[in-house]
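No gaps in the numbering here: position 96 of the sequence shown is 1363 in the numbering used here, and each next residue is one more.
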Amino acid sequence: MLPAESEPAQEEQADTETPLESLASICTVLAIGLFVMTFIFQNFEIPSGSMEKTLLIGDHVVVDRVTLAPRTTWAPFLDYRPVHRGDVIVFLKPNPETPDLFLVKRAIGLPGDHIHLRNGILYLNGVAQDEPQAAKPNNNGSYQDAYNAYRDDFPSLMASVDQGATASWSLEMPTNVENGDLVVPPGKVFAMGDNRTESLDSRYWGFVPQENIVGRPMFVYWSFNTPADQIEKTSVGDRLGFIVHIITHIFPGTRWSRTFHVIR
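The following block contains the structure:
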């Protein structure tokens, strides 16, 4: 009996990707990444201390741009919801004096809410709010933290340029004050920083139109110890100097404990 002939070994053949196919794959990944970072998530840096201790200067945050966006028919599967009181929100500043400026504050009042402050304590619809994260005026020797009648007993005094308010808010504010309360109109949100004594917020430039809201910061992905006056250094030399500082101090300057810190 003749031995059975062995079957020839079958070699696996891998298709070689052409340069054009490689370029197409890279472009697809970049397009998807650009879509995600433009319409779903976006990163922002915190440049000021108006939200301390919730957000620190030098925090880099990932912002969810979907949840608070207006509902659309083309993506019914996405989880949309309206702004809630207490949400930390990112939005375009709502006045013509400084257009296209992104700010981050906390949503305090929604349409129909009655708001006033007494000695820095927030009263919402007549009820004093427990806000452990909110800074109050105090006598610690700091001029910025000392009691300020316009800011801390809002809206007992009308807005004016002399009080630091914008000209447009000085005209609009009196039309929304009722029996000592500021009443939030339809389609608007009243927002304040958690660092109340150092925050230029709705008390100074008015309500945030809901269409101005970009999203809500979800978590800190990187935090670098940044001087409070860095935002004022706008020259090319200052910016390049700080970039060099970051590169040379990346490890000791990073606040490692804030990495993936969830924002509430």
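C-beta: ideal position from N, C-alpha, C; glycine also.
8 Å Cβ cutoff, residue i in contact with chain C
{"i": "V1329", "result": "Protein chains in the displayed structure number just one, and chain C is not present."}
Coarse secondary structure for residue i, derived from DSSP in three states
{"i": "E1478", "result": "helix"}
{"i": "M1304", "result": "For M1304, the pLDDT reaches just 49, beneath the cut-off of 50, and the residue's location in the model is therefore unreliable, leaving the point undetermined."}
{"i": "P1453", "result": "coil"}
{"i": "H1512", "result": "helix"}
{"i": "T1334", "result": "coil"}
{"i": "D1539", "result": "For the chain, the structure presents residues 1268 to 1531; residue 1539 sits outside this window and is missing."}
{"i": "I1517", "result": "helix"}
{"i": "I1324", "result": "coil"}
{"i": "Q1430", "result": "helix"}
{"i": "M1459", "result": "strand"}
{"i": "G1376", "result": "strand"}
{"i": "Y1309", "result": "The sequence shown places Gln at residue 1309, not Tyr. Strand, per DSSP."}
{"i": "I1498", "result": "helix"}
{"i": "E1319", "result": "coil"}
{"i": "W1523", "result": "helix"}
{"i": "D1448", "result": "strand"}
{"i": "M1440", "result": "helix"}
{"i": "L1359", "result": "strand"}
{"i": "Y1417", "result": "helix"}
{"i": "V1350", "result": "coil"}
{"i": "S1466", "result": "coil"}
{"i": "R1531", "result": "coil"}
Integer-rounded CB distance, given that residue j should sit under 8 Å from residue i
{"i": "L1391", "j": "V1481", "result": "With a Cβ gap of about 24 Å, L1391 and V1481 do not count as contacting."}
{"i": "P1216", "j": "P1378", "result": "One cannot answer for residue 1216 here, as it falls past the ends of the chain, which runs 1268 to 1531."}
{"i": "V1355", "j": "R1483", "result": "6 Å"}
{"i": "V1433", "j": "Y1471", "result": "Residue 1433 is actually Thr in this sequence, not Val. The pair is a contact, with the Cβ atoms about 7 Å apart (cut-off 8 Å)."}
Under 8 Å between C-beta atoms of residue i and residue j
{"i": "G1325", "j": "T1493", "result": "yes"}
{"i": "A1416", "j": "S1423", "result": "yes"}
{"i": "S1317", "j": "S1469", "result": "no"}
{"i": "S1548", "j": "G1473", "result": "One cannot answer for residue 1548 here, as it falls past the ends of the chain, which runs 1268 to 1531."}
{"i": "N1446", "j": "D1420", "result": "no"}
{"i": "R1522", "j": "S1490", "result": "yes"}
{"i": "V1444", "j": "A1458", "result": "no"}
{"i": "Q1400", "j": "T1464", "result": "no"}
{"i": "D1429", "j": "I1382", "result": "no"}
{"i": "E1312", "j": "N1462", "result": "no"}
{"i": "G1454", "j": "Q1477", "result": "yes"}
{"i": "G1353", "j": "R1373", "result": "yes"}
{"i": "H1528", "j": "F1486", "result": "yes"}
ask   = Using 8 Å as the threshold, is the region 1327-1335 in touch with the region 1402-1418, meaning 3 or more CB pairs across them?
value = no
task = Give a yes or no on contact between the region 1346-1356 and the region 1509-1529, applying the rule of three or more CB pairs nearer than 8 Å.
result = no
inquiry  = Check whether the region 1365-1374 and the region 1496-1506 touch, using three or more Cβ-Cβ pairs below 8 Å as the test.
reply    = no
query = Which parts of the region 1375-1413 are runs of the beta strand (DSSP E), unbroken and 3 residues or longer, counting only runs that do not cross its ends?
reply = 1381-1385 and 1388-1391
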